[in-house]
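For the record, in the sequence shown the residue sitting at position 61 is 61 according to the UniProt record's numbering, with numbers rising by one throughout.
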Amino acid sequence: MVAAQFMLAASSIFALSYGAPMPRSLAERATGATYKAYGGDGTVAKGWPAEKDWKSFDELWEANVPIMKTSCKQFNVENNSDQEIKDIKAGLEAASKTSGVKKEFLLAIMMQESKGCVRAPTTNYGVRNPGLMQDHDGKATCNEGGVKNPCPANLITQMITEGATSEFGLKQTIELSKASDVSKYYKAARIYNSGSIAASGNLGDGIATHCYASDVANRVRGWVDGGSTCEEGTIGKNTGTAGGNNEKPNETEDPKPTTTSKPISNSKPTTPVKEESKPSGTKAQGAAAGCKKWYTIKAGDTCASAEKAAGAPAGTLQKLNTGLSADCSNLWKGYSYCIGQ
């Protein structure tokens with residue numbers, strides 16, 4: 001999912017909640033890759049993978065095909081057919097050829113965004129993000145105003161090409177990274193997800209999905225989905241170490257981040273607040289119709305802390321706001337969510 005610089009799109013909810021997880025043992029058998037949490041600026045000096053550590057496109061493809069075969073079921077749409085999966089591969093190769101973006105990188109971003117489901121729905125949190133790549137203001141999709149089954153090969157290729165070459169596609173974000181070493185890919189991934197890199201230069205710092213760049217770095221190494229050790233609440237404090245020995249910092253708690261247009265603290269509100277009868281902020285997408293009680297997200301809020309502050313039972317926010325992801329990682333600061341009916 002992608003945003004223009006200074007214009008934030010949603011945190012990558014596809015990366016965090018969409019797609020059927022692959023059993024870890026199967027992923028390891030496929031490529032031998034287990035997850036390493038990468039912190040810092042994306043350079044080899046900080047322990048990030050060199051290009052020689054990347055798996056080949058064919059190896060990555062074979063490892064991810066089992067995910068693509070089942071990734072659409074979470075959207076309650078038909079899973080990819082064998083032909084559609086073949087068309088995805090052809091689309092990746094075509095988009096790589098026309099854009100100059102490595103096909104291994106395109107595959108990693110696609111799996112991060114949609115798990116390769118050709119019928120992934122369009123998301124829109126101020127910027128339209130459709131299709132396989134959830135790209136910035138893209139046009140191609142097989143799930144909007146009706147589900148296309150089968151998804152035509154030309155649309156599959158267009159989805160991937162838009163992710164590679166649109167206004168803020170991967171070709172452009174690589175250029176925006178201003179890097180010439182392998183870090184350009186990891187920096188480009190972070191820009192693709194959030195629109196910018198934090199002033200600290202740490203790819204786990206800032207806004208949107210903090211583990212995004214680390215996830216992509218693991219995907220090009222052959223990791224698929226099981227056994228991630230990246231923690232959204234702490235990866236921004238991991239500055240990385242040479243040789244990839246990136247240990248998680250010691251923390252007393254692991255709060256999930258609030259997606260905001262500015263970096264936020266992880267402090268949680270400790271005093272109950274009165275719910276609102278009308279939304280004081282922008283009404284959240286998917287809020288229940290006829291809602292009578294609202295809560296506006298503040299810096300540091302999580303679903304759990306917001307429910308506690310509003311005196312609502314656990315799970316209320318996700319029950320009454322269908323736009324929230326399964327792990328509630330895409331709360332928006334300043335947006336009002338239904339908290340009671």
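Built from N, CA and C at the ideal position, the CB exists for glycine as well.
If you're wondering where the values come from, they're calculated on a predicted model, not measured in any experiment.
Three-way DSSP call (helix, strand, coil) for residue i in this model
i, result
"E232", "coil"
"I297", "coil"
"N124", "strand"
"I339", "strand"
"N129", "strand"
"N193", "helix"
"W61", "helix"
"V220", "helix"
Pairwise C-alpha distance: residue j and residue i
i, j, result
"I88", "K237", "36 Å"
"G39", "E113", "21 Å"
"A299", "Q285", "19 Å"
"P255", "Y337", "Caution is warranted here: a pLDDT of 36 is assigned to P255, below 50, making its placement in the model unreliable, and the coordinate value is therefore given only provisionally. The alpha-carbon atoms of P255 and Y337 are separated by roughly 19 Å."
"Y192", "D205", "14 Å"
"T282", "I339", "14 Å"
"I197", "A289", "37 Å"
"F57", "W332", "36 Å"
"E276", "Y295", "6 Å"
"S323", "Y125", "With the sequence shown as reference, residue 323 is identified as Gly, and Ser is not the correct amino acid for it. Those two C-alpha atoms are separated by around 10 Å."
"A217", "A164", "17 Å"
"A27", "D53", "Confidence at A27 is low in this model, with a pLDDT of 43, below 50, so the placement of that residue should be treated as unreliable; the coordinate-derived value is given next. Whole-angstrom Cα-Cα distance: 17 Å."
Bridge partners - residue i, DSSP secondary structure assignment
i, result
"V147", "N143"
"E276", "W294"
"K89", "DSSP, once it has assigned bridges, lists no residue as partnering K89."
"T282", "Y335"
"A287", "N321"
CB-CB length for residue i against residue j, believed under 8 Å
i, j, result
"S228", "A208", "About 17 Å; that fails the 8 Å criterion."
"A140", "E162", "6 Å"
"T239", "N202", "7 Å"
"L107", "A95", "Between A95 and L107 the Cβ distance is about 10 Å, and since that is not below 8 Å, they are no contact."
"N80", "C117", "7 Å"
"V77", "R128", "Not confirmed; about 19 Å, so no contact."
Where residue i falls, given that 16 or more other Cβ within 10 Å makes a residue buried
i, result
"N64", "buried"
"Q158", "buried"
"P49", "buried"
"residue 345", "No statement about residue 345 is possible, as the shown extent of the chain runs from 1 to 341 and does not include it."
Distance cut-off 7 Å: residue i Cβ against heavy atoms of the ligand FMN
i, result
"Y186", "Ligands displayed in this structure: none; no statement on the ligand FMN is therefore possible."
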